[in-house]
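Undergrad: Counting in my numbering, the sequence shown runs from 1474 upward without gaps.
Note that beta-carbon positions come from the ideal geometry of N, C-alpha and C, so glycine has one too.
Supplied in structure tokens, the structure appears directly below.
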Amino acid sequence: MSDALRDAGQLVASILFPSRCVACGAAHAVLCAECSHALSAHPAERGVAGVVVRSAGALDEVSRAAVRAYKERGWTTLARPLGRALAGVVPAGCTVVPVPGSRRAFRHRGFDAVRLLAERGGLRPVPLLRAVGTPLDQRTLNRDQRRENASGMFRARACEGLRVVVVDDVITTGATLAEAIRALRAGGADIHAAATVAATAFG
Ligand SMILES: [Zn+2]
1474 MSDALRDAGQ LVASILFPSR CVACGAAHAV LCAECSHALS AHPAERGVAG
1524 VVVRSAGALD EVSRAAVRAY KERGWTTLAR PLGRALAGVV PAGCTVVPVP
1574 GSRRAFRHRG FDAVRLLAER GGLRPVPLLR AVGTPLDQRT LNRDQRRENA
1624 SGMFRARACE GLRVVVVDDV ITTGATLAEA IRALRAGGAD IHAAATVAAT
1674 AFG
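Rendered as structure tokens:
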């Protein structure tokens, strides 16, 4: 299904079945203005693989509900508020490279979640990474298992000398971002920064 068709379908559904905010239940919006604003309320920074990762906010009830509805239920109208929060922590002057979902996730959703989110946020993502292999669901693993599972997760197209910011939806252990950074460096990129919509508390 095309993005336009999917959005049109959701628009019709939202008229026939007035929506409620996925986070707080307020009427008439998939994510209300207050919850959209809350996505960027607590910016945070941490380091992964020698790169500063800026996050718009903490992974709290609002961002968790929004990301889940977007990725698991396919509510692509949420790509815009999530993407705007992301764009707020993406430095200018860099090539924006989204972390791709697995091929299995793409088949399941029919859209590339982080890429679409970046586009709707007004960024111009360049898909230099592709997922290889079929890693296990990172959420089911502990920190060490995640690192191992992430190893060899991505391949990058040749990107010699490109100044890159890597973007993802959520950072938890940082294993996935570290692997994306590793692959892009192997392709020759200069990783200037990374950015995510939300971050779990470090530790
Ligand atoms: Zn709300």
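By the three-class DSSP mapping on this structure, what secondary structure does His1515 have?
TA: Taking the sequence shown and counting its residues from 1, the one referred to as residue 1515 is at position 42. Assignment of His1515 by DSSP, reduced to helix, strand and coil, places it in the coil class.
Undergrad: Got a sec, what are the start and stop residues for the beta strand (DSSP E) Leu1602 sits in?
TA: Locating residue 1602 in the sequence shown gives position 129, counting from the first residue. Leu1602 to Ala1604 is the extent of the beta strand (DSSP E) around Leu1602.
Undergrad: Starting from the C-beta of Pro1516, find all residues in its chain whose C-beta is less than 7 Å away, skip the five residues before and the five after it, and write them out in chain order.
TA: Your numbering for residue 1516 matches position 43 in the sequence shown. So the qualifying residues of the chain are Arg1527, Ser1528, Ala1529, Gly1530 and Val1562.
Undergrad: Hey, Glu1628 and Ala1666: beta-carbon distance below 8 Å or not?
TA: Translated into positions along the sequence shown, residue 1628 becomes position 155. Translated into positions along the sequence shown, residue 1666 becomes position 193. It should be pointed out that residue 1628 corresponds to Arg in this sequence rather than to Glu. No. Outside cutoff.
Undergrad: Anyone know if the C-beta pair for Ala1540 and Ala1653 falls short of 8 Å?
TA: Taking the sequence shown and counting its residues from 1, one reaches residue 1540 at position 67. Taking the sequence shown and counting its residues from 1, one reaches residue 1653 at position 180. Looking at the sequence shown, residue 1540 is not Ala but Val. Remark: C-beta atoms of Val1540 and Ala1653 do not approach each other more closely than 8 Å.
Undergrad: Spatial neighbours of Pro1564 within its chain, please: C-beta separation below 7 Å, excluding the five flanking residues on both sides.
TA: By one-based count along the sequence shown, residue 1564 stands at place 91. Here the set comprises Val1638, His1665 and Ala1666.
Undergrad: Taking C-alpha atoms, which residue in Gly1523, Ala1511, Val1521 and Ala1560 lies nearest to Arg1537?
TA: Position 64 of the sequence shown, counted from the start, is the residue given in the question as residue 1537. Of Gly1523, Ala1511, Val1521 and Ala1560, the residue nearest in Cα terms is Ala1511.
Undergrad: I need the straight-line Cα distance from Ala1662 to Arg1582, nearest angstrom please.
TA: For this step, residue 1662 is matched to residue 189 along the sequence shown. For this step, residue 1582 is matched to residue 109 along the sequence shown. Near 29 Å, if we compare the C-alpha coordinates of Arg1582 and Ala1662.
Undergrad: Considering Arg1628, what are the terminal residues of the beta strand (DSSP E) in which it resides?
TA: By 1-based counting over the sequence shown, the position of residue 1628 is 155. Per DSSP, Arg1628 belongs to the beta strand (DSSP E) from Phe1627 to Ala1629.
Undergrad: Whose C-beta lies closer than 8 Å to the C-beta of Glu1518 among residues of the same chain, with five residues either side of it excluded?
TA: What you label residue 1518 is simply residue 45 of the sequence shown in a count that begins at 1. Excluding residues within five positions, the ones whose Cβ falls inside 8 Å are Val1525, Val1526, Arg1527 and Ser1528.
Undergrad: Leaving out five residues on either side along the sequence, give the residues of the same chain with a beta carbon under 8 Å from the beta carbon of Val1643.
TA: As a position in the sequence shown, residue 1643 is number 170, starting the count at 1. Result list for Val1643: Leu1532, Ser1536, Val1540, Thr1669, Val1670, Ala1671, Ala1672 and Thr1673, in chain order.
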